[in-house]
Amino acid sequence: MELNMRGMNPELVKNTKHWLMQYAIYLVLLAVIMTIVILEPSILSVRNATFILQQAAPKLIIALGLAGLILLGGTDLSAGRMVGIAGIICASLLQKPDYALRIFSNMKPLPIIVPLLIAIAVCLLFALVHSLLISVLQIAPFIASLGMQMIVYGAMSLYFDGVNNSSPIGGFDTRFTKIAQGAIQIGTFRLPWIVIYAVVITILFWVLWYRTTLGRNMYAVGGNKEAAVVSGVNTKRVIMYVYLIAGLAYALAGFLDAGRTGSATNALGEGYELDAIASCVVGGVSLRGGVGKISGVVIGVLIFQVLSYCLVYMDINPYIQFIIKGLIIVFAIAVDTQKYIKKR
Amino acid sequence: MMNAGEYLLEMKNVSKRFPGVQALKDVQVNVKPGEVLALMGENGAGKSTLMKCLFGIYKMDQGEIFMNGNPVVIDNPRQALDIGIAMVQQELEQVPHRNVMDNIWLGRYPRKGLLIDDKKMYKDTLQIIELFNMNIDPRAQVNHLSVSTKQMADIVKAVSYNAKIIVLDEPTSSLTEKETVGLFKIIRQLKQEGCGIIYISHKIEEVMNISDRVTVLRDGLWVATENTKDIDSNQLIKLMVNRELGNRFPPKNKVIGETILKVENLSSVYSPRLQDISFEVRAGEILGIGGLVGAGRTELLECIFGLRTVAEGAVFVHGKDVLKSNRNAKYSGIAMVTEERRETGIFPMMDIRWNTVSSSMEKNRTKAGFISLKKVEKNTQWAVDAMRIKTPTLKTLISSLSGGNQQKVLLGRCLLNQPRILLLDEPTRGIDVGAKYEIYQLMIALAKEGKAVVFVSSEMPELLGVADRILVMSNGRNAGIMDSQDCSQEKIMTLAAKYL
Ligand SMILES: Nc1ncnc2c1ncn2[C@@H]1O[C@H](COP(=O)(O)OP(=O)(O)O)[C@@H](O)[C@H]1O
Ligand SMILES: [Mg+2]
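Residue numbers (numbering that gives the first Met the number 0), protein chains in the order written: chain A, 0 to 343; chain B, 0 to 499.
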């Protein structure tokens with residue numbers, strides 16, 4: 000990275016470097032995707048595009064929630080497990096009444112909103128505890144969320160084991176699968192409902208980030224917490240709200256993702272947090288806090304999903320897929336770090 | 000209650016202790032409506048700490064605050080703002096990647112229903128900026144502004160609270176004379192409106208000009224409160240430093256040798272950028288570097304020390320281009336003590352021994368390459384003796400020493416490498432008056448040994464009293480070098496504004 004810059008026009012060096020830093024990750028990913036398209040032109044189809052959007056939708060909701068925490072200068076390793084616990088709760092309470100392996104076999108079918116609300120309540124509770132670890136006990140977000148990840152996973156597995164002996168939960172109520180798997184038919188084009196939900200949620204997040212006091216305060220707390228404090232911002236409350244909103248997003252994503260896949264185990268959500276963090280970073284949400292855009296998160300999630308889908312589509316060895324994704328994450332973070340590092 | 004209402008604000012018996020230093024002890028201060036109270040004292044006297052206690056940033060160990068005669072409790076800045084106290088801090092706190100108006104209205108964004116009213120925010124911002132006769136774009140990102148504009152933006156913010164008490168902590172340290180005049184106009188206007196202003200500065204002329212009364216602090220103690228018109232600047236200085244003017248600075252070294260350090264057409268890459276800086280320093284000489292905060296003084300030292308990317312130019316030590324040789328500055332005979340002692344100087348969790356030897360570890364090894372505790376202690380003892388460090392033992396945590404003694408440990412750390420050139424950035428910042436004199440003595444003694452000493456200072460009397468020559472920086476450039484005998488505070492100020 001260290002160029003020999005003595006004797007070169009410093010302004011030009013600076014601008015070129017700045018431009019490269021700003022767009023390097025997009026260029027690289029574009030190149031990767033172009034290569035894939037050239038190798039496998041059949042990938043360019045409406046069907047594939049629909050699949051990609053469908054898969055990206057719950058991930059976008061997770062990433063939007065998590066992006067707020069990154070914007071505060073933190074991170075959240077528990078996101079995937081939060082999604083998982085919400086998914087398992089909804090799955091277990093929303094099986095077909097006539098399904099042979101129904102867990103709560105004597106229970107009347109619940110209105111669909113009830114399990115969703117229960118999942119939301121559980122996620123909000125965990126998010127509240129999580130935010131207190133950060134704001135009151137001032138634990139480093141990485142460690143706090145690592146702890147929360149294990150706690151949530153343990154709780155989820157206990158529940159899963161307790162109600163269903165650790166066998167996959169399936170046989171979902173059709174109302175549930177319709178919500179998560181259904182689509183509007185526009186001519187020959189199927190627009191999945193789940194994509195529409197994601198769009199609506201993105202708009203809500205857009206308003207929240209840019210047009211509300213909480214959103215602005217979130218940028219301030221992430222950009223310079225001391226400045227927020229001396230301006231009279233209640234930073235603990237800001238942190239708490241951002242965690243609660245993330246918890247809400249995880250719960251919605253869990254509900255939708257369980258319904259989308261049609262069955263759930265305690266592995267649901269595993270690793271989602273890493274995809275979400277990677278998408279945020281690729282989309283320019285800085286891990287140093289205080290910098291990031293909704294559009295960046297959306298682009299990051301889409302790019303990452305396109306990439307994952309293509310790799311699977313091309314039948315690339317899954318272990319190699321790991322390596323490719325890992326490299327991209329490291330590269331994205333390296334670029335991000337360079338961007339905001341204090342240049343001397 | 001006698002005479003309730005005479006004072007807008009009273010602080011009584013305020014004490015505050017930090018590890019190793021009693022920053023405030025039984026201090027009192029009060030402000031009447033419509034007056035400017037100057038809070039004076041040398042660096043480290045406790046002015047900022049007192050105001051941070053008032054603003055709820057620090058919790059006082061002891062003390063009471065009264066507004067209009069009524070006791071108030073201030074636990075955080077929110078409460079301070081709510082009861083009508085606003086403050087511009089010495090070290091600005093701004094959100095770098097956000098724009099000016101987002102920073103100004105942070106904590107009280109105007110709203111329409113649930114949403115922020117950006118239009119009103121923009122209009123209101125323009126309105127108060129106009130009041131100041133300034134030219135700032137409310138939508139400009141704060142970290143793209145110059146240091147003085149940032150400072151002005153923060154002053155605008157404090158005024159916009161419509162507070163009854165406005166605290167300005169060294170607001171002019173990065174401002175030019177013209178900007179300062181503008182600020183004084185605003186202050187006078189606020190006075191008319193019945194605000195009480197607490198104005199912190201250690202620039203005597205400014206204080207004589209703007210203030211109605213002066214409270215002087217020295218080493219965390221209240222010394223005096225006087226009407227400005229009843230006191231002259233010499234008396235004021237005497238109160239601040241508690242020493243006859245004559246012997247505030249030790250006698251200088253007279254024997255100047257050959258050139259040791261030569262800086263030629265030095266320019267740097269990243270902002271704040273240095274442009275085309277040249278100067279020489281000779282053995283036995285002390286070169287002071289003056290200028291406004293943000294003029295690039297620290298950056299100049301960092302460039303010489305090899306901490307910054309150099310675009311052009313050269314640094315010669317004894318005729319050898321040390322930037323080209325690509326070795327650690329330490330091996331070229333350069334040592335540096337940084338400005339932010341707590342951030343970039345000491346290792347707070349380690350004791351004096353490790354703080355002393357940390358940059359000369361290779362001299363503290365056994366033949367096999369392990370660390371020799373015996374050598375470590377011998378070297379530390381040398382530093383403690385030579386620098387006259389006051390410490391109970393060598394194993395005392397450095398953070399429990401006073402600022403002055405911490406600074407001496409850092410000097411000792413440098414000297415263990417036997418440097419020929421010493422770069423000292425604000426060497427007397429945040430240390431008590433007695434320790435300052437000792438630091439001056441050490442600097443002059445080192446010059447007498449034939450070392451070249453370069454130091455940055457914001458205190459002009461210190462530049463005039465200690466340096467042989469003074470280089471004034473202005474906006475990243477060398478605005479001029481003067482012999483300190485022919486120099487004056489006015490000349491320094493004029494040069495400091497040369498390239499703005
Ligand atoms: N956060 C802190 N931690 C430890 N010591 C401090 C802190 N802030 C100030 N001090 C010390 O308290 C004393 C007073 O500092 P300060 O109030 O900044 O002085 P002034 O503003 O008058 O220059 C100094 O000795 C300084 O080193
Ligand atoms: Mg101060």
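Think of the CB as a built atom: it goes at the ideal place given N, C-alpha and C, for glycine as much as any other residue.
Owing to the predicted nature of the structure, the values given are computational and were not obtained by experimental measurement.
- A direct Cα-Cα distance of roughly 8 Å separates N252(B) from E284(B).
- Among the residues of chain A, none has a CB under 8 Å from the CB of Y198(B); the nearest is roughly 19 Å distant.
- In this structure, the CA atom of N265(A) is about 22 Å from the CA atom of I112(A).
- With a contact defined as Cβ atoms closer than 8 Å, L8(B) and G195(B) qualify at about 6 Å.
- T390(B) and I333(B) do not touch by the CB rule: their CB atoms are close to 27 Å apart, not below 8 Å.
- A buried status is given to V375(B), since no fewer than 16 other beta-carbon atoms sit within 10 Å of its beta-carbon.
- Under the three-state reduction of DSSP output, E272(A) falls in the helix class.
- The C-beta distance from A245(A) to G64(A) rounds to 4 Å, short enough to fall under 8 Å.
- Separation of the CB atoms of I127(B) and V155(B) is rounded to 6 Å, and the pair is thereby assigned contact status at 8 Å.
- Membership of K156(B) in the alpha helix (DSSP H) is indicated by the continuous run 146-159.
- Annotated three-state conformation of M335(B) is strand, per DSSP.
- For the region 273-284 of chain B, no residue has a beta-carbon sitting nearer than 7 Å to a beta-carbon of chain A.
- Under the Cβ distance rule, H143(B) does not count among the residues neighbouring chain A, no pair being separated by less than 8 Å.
- With a cut-off of 7 Å, the C-beta of T343(B) is classified as distant from ligand 1, since no heavy atom of the ligand falls inside that distance.
- In the DSSP assignment, T173(A) falls within the unbroken alpha helix (DSSP H) covering 173-180.
- Note that the C-beta distance between I42(A) and Y312(A) is below 8 Å.
- DSSP, read as helix, strand or coil, puts V296(A) in helix.
- When C-beta distances to chain B are compared with 7 Å, the residues of the region 193-216 of chain A below that value are R210, T211, T212, R215, in chain order.
- Of the residues assessed, L29(A) falls on the exposed side of the cut-off, its CB having fewer than 16 other CB atoms within 10 angstroms.
- Linking K16(A) to G475(B) through their CA atoms gives a straight-line distance of about 23 Å.
- Between D218(B) and Q88(B), the alpha-carbon positions lie close to 20 Å from each other.
- Per DSSP, reduced to three states, the secondary structure at W104(B) is coil, with no helix or strand assignment.
- When secondary structure is reduced to three states using DSSP, V30(B) falls in the strand class.
- Pairing G169(A) with G261(A) gives a Cβ-Cβ distance under 8 Å.
- P191(A) has A182(A) as its beta-bridge partners, per DSSP.
- For a Cβ distance threshold of 7 Å, residue set Y269 of chain B lies close to K342(A), ordered along the chain.
- Taking 7 Å as the cut-off, the C-beta of E169(B) counts as close to a heavy atom of ligand 2.
- Distance from the CA of G293(B) to the CA of I35(A), rounded to the nearest whole angstrom, comes to 51 Å.
- A contact is defined here as three or more CB-CB pairs under 8 Å, and the region 378-395 of chain B fails this definition with respect to the region 300-318 of chain B.
- Contacts with chain A at 8 Å (Cβ-Cβ) do not include I82(B).
- Look at Y218(A): its C-beta is under 8 Å from a C-beta on chain B.
- Between I323(A) and A277(A), the C-beta gap is not smaller than 8 Å, which leaves the two residues out of contact.
- Taking V309(B) as the centre and dropping the five residues before and after it, the same chain places the C-beta of L265, S266, S267, V268, C302, L322 closer than 8 Å to its C-beta, in chain order.
- The Cβ atoms of V284(A) and I69(A) lie closer than 8 Å to each other.
- The distance from the Cβ of G231(A) to that of G83(B) is about 12 Å, inconsistent with a contact at the 8 Å cut-off.
- Using a 10 angstroms sphere on the CB of L53(B), the tally of other CB atoms reaches 16 or more, which defines it as buried.
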